[in-house]
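Residue numbers for the sequence shown, in my numbering: 6 to 449.
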Amino acid sequence: MMIDPEILVLITITLLLILLFIGVHIAVSLCVVSLVGVYLITGRPDVAVSVLYQASWVSIRQYMFGVIPMYILMGLLANMSGASLELYDAANLILKRVRGGVSVATILANALFSAFSGVAVASAVVFTKIALPQMQRLKYDRKFSLGVIAGSASMGFLIPPSLLMIVYGSQANTSIGSLFLAGIVPGLIMTVAFIITVWLITRRHPSYVPPVEPLTEEEKKNFWKIVLKPWAIVALIFLSLGGIWFGFFTPTEAGGVGAFGAFVIVILKGKFTLNGIWEVMLSVAATSGSIMILMIAAQTYSRTLAMGGVINFVGSFVSGFDLPPIAIVLMLMFVLLLVSFVMDATTTMLLTIPLMVPIVTDLGFDLVWFGIIMIIVAGTGLITPPFGMNVFAVKAATLGMEGTESITLEEVFGGSFPFFLVSLVVLAICIFFPQVVLFLPGLM
């Protein structure tokens, strides 16, 4: 039995949307859709099951997938050591004499935290707990404060090491180390762009931030002690990424070095407890397991599309447009942006990589460059309605906090909107000036 590619696409997408709508987990939904799709193509249920278990074996058995639990472990241990609070305190003290300094400190601390957490939603939760009470105490505008936290946390997927970079590299057969290096300059640009956005907003709305406060005598006395306190975790970031840059480690080995280094920092800071380590290990297992299952499901779905001729059909359909190659890339990014509005970033990437990467390869574009712009687009979905994960994470993290009972999702979405627009500007820079992305990988 053979089915036309367009009919297969229609059936599988319709079934997938129905399953998601009724609350079936995305990984289970993809596997069910894949089994149905292969059966429609071959007419044999045994082949459908065979595709599933072959994809399960091939998808995650490679050595490089050890990088996923390693970087998650590194991030959780670093947070356990108190590094996130130390980074925030240091940035806050340095910028205390700057108008709106707490919001700028939140952005900078978030950028550094993202460099070892790799998970944007984790950044959103952590800095809601740390920064929001401080902003409320200083009488910052609440909507502005929530937007700064949710928006700056969206950088998490762009600043290496990022789980989305690992997911993309594995699915697109692209160097994860090159992706890590490629994300550094766009990540810095995004950080600077967010700081400029805060500056412009506070100039237009001076009432959003309080007057500048002078340093207290205690802060003057302990200035360098507080500023230099997070030196260990910053050194660990440079060790991990620098080892990849100079060829000392593979990304997987760098993840192991980073996790071990974070564990040593936990011990040196006296934060080691058996219960704490147990909680960290459970979280690593849960997060890694969910990502691995998603990757298996996505690989199964990708094989189904390939067997049905869908990938070739989509490639031929897109190439049929009389458009320049960059216009096709822009069209793909628009589709990706629409998908990111209704799905989380990882699912968005896993669903679209099998369809988009072959098209981009045929057009002759660099896959590292394309991976970074995909990640930027997927990351913007974290702060857009209706399912912006960072927005929901910020809202959830405010539960039980004093003075946050009246916070609404609309308020967080509204505060995040300027950062969504700025993300699109950074995306445009990376699309039309590819060397911004490819400069550092080219030096490796």
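Note that CB positions come from ideal geometry on N, CA and C, so glycine has one too.
| Check | Outcome |
| --- | --- |
| I'd like the list of long-range same chain contacts for V126, defined as Cβ closer than 7 Å, with 5 residues on each side in sequence excluded. | M394, N395, A398 |
| Less than 8 Å separating the beta-carbons of G496 and T207? | No answer is possible for residue 496: the residues shown for the chain start at 6 and end at 449. |
| Contact defined as beta carbons within less than 8 Å: I believe I231 pairs with A95. What is the distance between those atoms, to the nearest angstrom? | 6 Å |
| Determine the direct distance from the alpha carbon of F254 to that of S321, and round the result to whole angstroms. | 40 Å |
| Does the beta-carbon of W229 have 16 or more other beta-carbons within 10 angstroms, so that it is buried, or is it exposed? | exposed |
| Looking at L168: is its Cβ nearer than 8 Å to the Cβ of I296? | yes |
| Measuring alpha carbon to alpha carbon, tell me which of E11, P216, A83 ends up nearest L45. | E11 |
| Which residue wins for smallest C-alpha separation from I18, given the options D327, I189, S34? | S34 |
| Assign G325 to one of two classes, buried (16 or more other C-beta atoms within 10 Å of its C-beta) or exposed (fewer than that). | exposed |
| Between which residues of its own chain and P235 is the CB-CB distance below 7 Å, once the five residues before and five after are set aside? | A88, E91, L92, A95 |
| Candidates Q139, W283, L186, F418: which alpha carbon is nearest M85's? | W283 |
| Classify P219 as helix, strand or coil using the three-state DSSP reduction. | coil |
| Flag this pair as yes or no: are the beta carbons of A158 and A129 separated by less than 8 Å? | yes |
| Quick check: what's the CA-CA separation for Q67 versus K148? | 45 Å |
| What are the boundary residues of the alpha helix (DSSP H) that includes K134? | 125-142 |
| Rounded to the nearest angstrom, what separates V29 and M354 at their Cα positions? | 19 Å |
| As an exercise, report each continuous beta strand (DSSP E) stretch of at least 3 residues that is fully enclosed by the region 168-235, in chain order. | none |
| When burial is assigned at 16 or more other CB atoms within 10 Å of the CB, is N450 buried or exposed? | Past the boundaries of the shown model lies residue 450; the chain is included only from 6 to 449, so the question cannot be answered. |
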